[in-house]
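Participant: The numbers in the UniProt record's numbering rise by one with no breaks, and the one at position 26 of the sequence shown is 26.
Glycine included, every Cβ here is placed at the ideal spot set by N, Cα and C.
What you are looking at is a predicted structure, and each value in this text was computed from that prediction instead of being measured.
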Amino acid sequence: RMQQLQCFLESSQVFEADEELGHRLVVMGKLNSWLKEWIKEVAEAKELPPPFVNVVSGKVFAFGSYRLGVHTKGKVFVYVCIYFHWIIAGIDLLFAKLQRPSVPEELELRHDEILLNLDIRCIRSLNGCRVTDEILHLVPNIDTFRHTLCAVKLWAKRHGLYSNALGFLGGVSWAMLVARTCQLYPNALPSILVHKFFLIFSQWDWPKPVLLKKLEDGKMNLPVWDPRVNPMDRFHVMPIITPVYPQQNSTYNASMSTLRVITQELKEGLLIMEEIQETGDWNKLFESPNFFLKYKHYIVLTVKATTEEHQLEWVGLVESRIRILVTNLERNELIQLAHVNTQDISGMDEKMQLVKIWFIGLLFKKTENAPSLNVDLTPDIQSFIDTVYRQATAANILQDDMKLDFVHVRRKHLSQYVPAHFLRKKVNSCLHVIYAHSMLMNICPTGGGGGGGGGTYFLFEGLDRNGRDRDGLMGGGETFSFHKLPKSFSSCCLLLNLHVLQRRASNELPDALSPLPTKRVRIVRHSIRLRLNR
1 RMQQLQCFLE SSQVFEADEE LGHRLVVMGK LNSWLKEWIK EVAEAKELPP
51 PFVNVVSGKV FAFGSYRLGV HTKGKVFVYV CIYFHWIIAG IDLLFAKLQR
101 PSVPEELELR HDEILLNLDI RCIRSLNGCR VTDEILHLVP NIDTFRHTLC
151 AVKLWAKRHG LYSNALGFLG GVSWAMLVAR TCQLYPNALP SILVHKFFLI
201 FSQWDWPKPV LLKKLEDGKM NLPVWDPRVN PMDRFHVMPI ITPVYPQQNS
251 TYNASMSTLR VITQELKEGL LIMEEIQETG DWNKLFESPN FFLKYKHYIV
301 LTVKATTEEH QLEWVGLVES RIRILVTNLE RNELIQLAHV NTQDISGMDE
351 KMQLVKIWFI GLLFKKTENA PSLNVDLTPD IQSFIDTVYR QATAANILQD
401 DMKLDFVHVR RKHLSQYVPA HFLRKKVNSC LHVIYAHSML MNICPTGGGG
451 GGGGGTYFLF EGLDRNGRDR DGLMGGGETF SFHKLPKSFS SCCLLLNLHV
501 LQRRASNELP DALSPLPTKR VRIVRHSIRL RLNR
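Written out as structure tokens, the structure reads:
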């Protein structure tokens, strides 16, 4: 079974080639050199004494999947920049400012003493690396852990469960679940550990926390996750606790809906794993379920802006707040589940506005002796819209061209947004290119082939600059070449570059009590009322 799993992961192009890995190392070396040069230039500009200028330094640390050794082909890797405490400058990277004159090349980050006298933002930056290092320190076999995590991450991505921002699990959370599995079965092979992973967490007694080691009280009086002390921690539905001080819940964004979705997928995965123990065929486990066949009702959220800069900021804010919309919908007494599709759609409309679309599947509670049911989602959605515009105004990023819109769509009408054949059968890989008709959305009536009336192509995020599958979601390393697409696609070519741009760092967003917008902004009052026939 282990050999079959290894062959499947290799055929899915999960592992990075030596050439691409070498390129990453070169890039990281250049970043380190540029950082050191920049620090000395700033030190000289501040007229620091020459002895200090000669010793000041900084260092760039990678963290996340790259530091864990489970990064996939083409994936962007993230850095934390550490530099000495005399230089105060704002940069567009995570950074930590240490209280020491220089940063040694072999700086050990695991020891808690490195956090002394740091502000909370620097501590959070450092803990990105510290959590990664501690996970690798706590697993019994690093190679086994990495192979198991590669398989679990591929499964999570293909099943739409990989997104911390949207309330699902991010990379570090999946890593900690796999690490806990490795701790419980220290001598097992990856093929066995994948099975045990589904067995353990399909039956986990949430909100019992997942811990890689016992909670420790630090000596720095920093806030840590502790539901006995912090009332807000008691509302976390699936806590997965980081193993370094100060311990935090990595899944604080999770909601009851995402918990139910993840648990159901884990249960189905366990059933498939039982089959794999007999057949050795791993393909079924990694087949992508068709989100557009799961529900009868969908909310379509559309975000628009005129320029790339505005769209990046606007999308970043809206995406980070979609979990609030899910919570609002969950509070509706008639809604049982609100499921966000982690694969969004990007494109352009006929006014050359950049468009991004999310789909939210709705499952309503069954009511006895009621042939039909009237559901009003207007308050839930309007509350979300008001919150987003309020926070955008307070963060000083709101522009007149930034638009946010909603529409309710029944499953039988989804063909106006996605190809009809995707609504009739299961798909074995995630959608990357969608042909969307222009009936409801007025999207680019430019003509072109590929499926019926006028429309344009929309791209799911996940392709690199060359159109390759960046996250290995396609399962076969398929590449989309521009010359294979119709001429109408040319108006959307810039989206590939847009996707690989790193989103600008956002300002600290204010809370929901911030004042309503003072500048003139068109805020549409939405009315979404449904009549459900039983």
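Per DSSP, which one or two residues make a beta bridge with Tyr298?
Facilitator: Along the sequence shown, read from residue 1 onward, the residue named residue 298 stands at position 298. Looking at the DSSP assignment, Tyr298 forms a beta bridge with Gly361, Val409.
Participant: Would DSSP call Ile135 helix, strand or coil?
Facilitator: The residue given as residue 135 occupies position 135 in the sequence shown. Of the three classes helix, strand and coil, the one that applies to Ile135 here is helix, per DSSP.
Participant: Of the residues Ala305, Val244, Ile335, which one's Cα is nearest the Cα of Leu138?
Facilitator: Your numbering for residue 138 matches position 138 in the sequence shown. Distance from the Cα of Leu138 is smallest, within the candidate group Ala305, Val244, Ile335, for Val244.
Participant: Count the other CB atoms, across all protein chains shown, that sit within 10 Å of the CB of Gly347; report buried if there are 16 or more and exposed otherwise.
Facilitator: Taking the sequence shown and counting its residues from 1, the one referred to as residue 347 is at position 347. Burial call: buried.
Participant: 9 Å is my cut-off, CB to CB: does Leu98 come that close to chain D?
Facilitator: Of the protein chains in this structure there is only one, and it is not chain D.
Participant: What are the complete alpha helix (DSSP H) segments, minimum 4 residues, inside the UniProt domain "Poly(A) polymerase central" (144 to 287)?
Facilitator: 171 to 184, 190 to 201, 256 to 279
Participant: Does the structure place the segment 215 to 233 close enough to the segment 188 to 195 that three or more beta carbon pairs sit under 8 Å?
Facilitator: no
Participant: So, for Ser57: in the same chain, excluding its five sequence neighbours on each side, which residues have a beta-carbon less than 6 Å away from its beta-carbon?
Facilitator: The residue given as residue 57 occupies position 57 in the sequence shown. Cβ-Cβ distances below 6 Å link Ser57 to Lys36, Ser102, Val103 in the same chain, with the five nearest sequence neighbours on each side left out; the list follows chain order.
Participant: From the DSSP output, in three-state form, read off Asn117 for me.
Facilitator: Along the sequence shown, read from residue 1 onward, the residue named residue 117 stands at position 117. Reduced to three states, the DSSP call for Asn117 is coil.
Participant: By how many angstroms is the C-alpha of Lys351 removed from the C-alpha of Gln6?
Facilitator: Counted from its first residue, the sequence shown places residue 6 at position 6. Counted from its first residue, the sequence shown places residue 351 at position 351. For Gln6 and Lys351, the distance between alpha carbons rounds to 48 Å.
Participant: Using the Cα positions of Ala96 and Leu215, report the straight-line distance between them to the nearest angstrom.
Facilitator: To locate residue 96, count along the sequence shown from 1; it is residue 96. To locate residue 215, count along the sequence shown from 1; it is residue 215. Their backbone Cα atoms lie some 24 Å apart in a straight line.
Participant: Using DSSP bridges, identify the partner residues of His339.
Facilitator: Position 339 of the sequence shown, counted from the start, is the residue given in the question as residue 339. Its beta-bridge partners are Gly361.
Participant: Compute every distance between the C-beta of Pro379 and the non-hydrogen atoms of the ligand NAP, then say whether any falls below 8 Å.
Facilitator: Absent from the structure shown: the ligand NAP. Ligands present: none.
Participant: If you pair each beta-carbon of the segment 336 to 343 with each one of the segment 157 to 170, do three or more pairs fall below 8 Å?
Facilitator: yes
Participant: Leaving aside the five residues before and after Gln3 along the sequence, list all residues of the same chain whose C-beta is less than 6 Å from its C-beta, in chain order.
Facilitator: Along the sequence shown, one-based indexing puts residue 3 at 3. Nothing meets the Cβ criterion.
Participant: Looking at Leu177 and Phe145, is the spacing between their C-beta atoms short of 9 Å?
Facilitator: Counted from its first residue, the sequence shown places residue 145 at position 145. Counted from its first residue, the sequence shown places residue 177 at position 177. For Phe145 and Leu177, no; Cβs fall outside 9 Å.
Participant: Using the C-alpha atoms, what's the distance from Ile299 back to Glu105?
Facilitator: Along the sequence shown, one-based indexing puts residue 105 at 105. Along the sequence shown, one-based indexing puts residue 299 at 299. So the alpha carbons of these two residues sit roughly 51 Å apart.
Participant: To the nearest angstrom, how far is the alpha carbon of Gly167 from that of Ser257?
Facilitator: Residue mapping note: residue 167 aligns to position 167 of the sequence shown, counting from 1. Residue mapping note: residue 257 aligns to position 257 of the sequence shown, counting from 1. Each residue's alpha carbon lies about 9 Å from the other.
Participant: Around the C-beta of Pro50, are 16 or more other C-beta atoms found within 10 angstroms, so that it is buried, or is it exposed?
Facilitator: On the sequence shown, position 50 is the one that residue 50 refers to. Classification for Pro50: exposed.
Participant: Who pairs with Ala305 in a beta bridge, going by DSSP?
Facilitator: Here residue 305 is taken as the residue at index 305 of the sequence shown, counted from 1. Answer by DSSP bridge pairing, in chain order: Leu354.
Participant: Would DSSP call Ile397 helix, strand or coil?
Facilitator: Working through the sequence shown from its first residue, we reach residue 397 at position 397. Coil at Ile397, not helix or strand.
Participant: Could you tell me the alpha carbon to alpha carbon distance between Ile324 and Cys182, rounded to whole angstroms?
Facilitator: For the purposes of this step, residue 324 is taken as the residue at position 324 of the sequence shown. For the purposes of this step, residue 182 is taken as the residue at position 182 of the sequence shown. Whole-angstrom Cα-Cα distance: 34 Å.
Participant: Of all the options His195, His236, Met238, which has the alpha carbon lying nearest to the alpha carbon of Glu278?
Facilitator: By 1-based counting over the sequence shown, the position of residue 278 is 278. A check of alpha carbon separations from Glu278 across His195, His236, Met238 identifies His195 as the nearest.
Participant: With distances taken between CB atoms, is the gap from Arg411 to Leu293 smaller than 9 Å?
Facilitator: Residue mapping note: residue 411 aligns to position 411 of the sequence shown, counting from 1. Residue mapping note: residue 293 aligns to position 293 of the sequence shown, counting from 1. Contact flag set, yes.
Participant: Let me check one thing: in DSSP terms, what residues is residue 583 bridge-paired to?
Facilitator: Residue 583 lies beyond the stretch modelled for the chain, which goes from 1 to 534, so this question has no answer here.
Participant: Within 10 angstroms of the Cβ of Leu184, are there 16 or more other Cβ atoms? Answer buried if so, exposed if not.
Facilitator: For the purposes of this step, residue 184 is identified with residue 184 of the sequence shown, where counting begins at 1. So Leu184 ends up on the exposed side.
Participant: Might you give, ordered along the chain, the residues of its own chain that have their beta carbon closer than 8 Å to the beta carbon of Asp401, omitting 5 neighbours on each side?
Facilitator: Reading the sequence shown from its first residue, position 401 is the one you call residue 401. Excluding its 5 nearest sequence neighbours in each direction, Asp401 has C-beta neighbours in its own chain below 8 Å: Lys304, Ala305, Thr306, Thr307, His310, Gln353, listed in chain order.
Participant: To the nearest angstrom, how far is the alpha carbon of Glu319 from that of Ile381?
Facilitator: For the purposes of this step, residue 319 is taken as the residue at position 319 of the sequence shown. For the purposes of this step, residue 381 is taken as the residue at position 381 of the sequence shown. Those two C-alpha atoms are separated by around 15 Å.
Participant: Measuring only the C-alpha atoms, how far is Asn54 from Asn141?
Facilitator: Working through the sequence shown from its first residue, we reach residue 54 at position 54. Working through the sequence shown from its first residue, we reach residue 141 at position 141. Taking the straight line joining both Cα atoms gives about 41 Å.
Participant: Taking its Cβ as the centre, do 16 or more other Cβ atoms sit within 10 Å of Gly455, making it buried, or is it exposed?
Facilitator: Taking the sequence shown and counting its residues from 1, the one referred to as residue 455 is at position 455. Residue confidence for Gly455 is low, a pLDDT of 33 falling below 50, so the modelled location carries little weight and cannot support an answer.
Participant: Report the residue from Val237, Ala151, Asp233 whose alpha carbon sits nearest the alpha carbon of Glu287.
Facilitator: By 1-based counting over the sequence shown, the position of residue 287 is 287. Taking only the C-alpha atoms, the option nearest Glu287 is Ala151.
Participant: Look at the alpha carbon of Glu134 and the alpha carbon of Arg124, and state the distance between them as a whole number of angstroms.
Facilitator: Stepping through the sequence shown from its first residue, residue 134 is reached at position 134. Stepping through the sequence shown from its first residue, residue 124 is reached at position 124. So the two alpha carbons sit approximately 15 Å from each other.
Participant: Rounding to the nearest angstrom, what Cα-Cα distance links Asn253 and Glu113 in this structure?
Facilitator: As a first step, residue 253 is located in the sequence shown; it is residue number 253 there, counting from the start. As a first step, residue 113 is located in the sequence shown; it is residue number 113 there, counting from the start. The straight-line gap from Cα to Cα measures roughly 29 Å.
Participant: For Leu126, name the three-state secondary structure that DSSP assigns.
Facilitator: Numbered from its first residue, the sequence shown carries residue 126 at position 126. If DSSP states are grouped into helix, strand and coil, Leu126 belongs with the helices.
Participant: Could you say which of Asp143, Ala43, Lys59 lies nearest to Met28 if we only look at CA atoms?
Facilitator: By one-based count along the sequence shown, residue 28 stands at place 28. Selected option, being the one with the closest Cα: Lys59.
Participant: What three-state label does DSSP hand Leu48 in the structure shown?
Facilitator: Against the sequence shown, residue 48 aligns to sequence position 48. Leu48 falls in the coil class under three-state DSSP.
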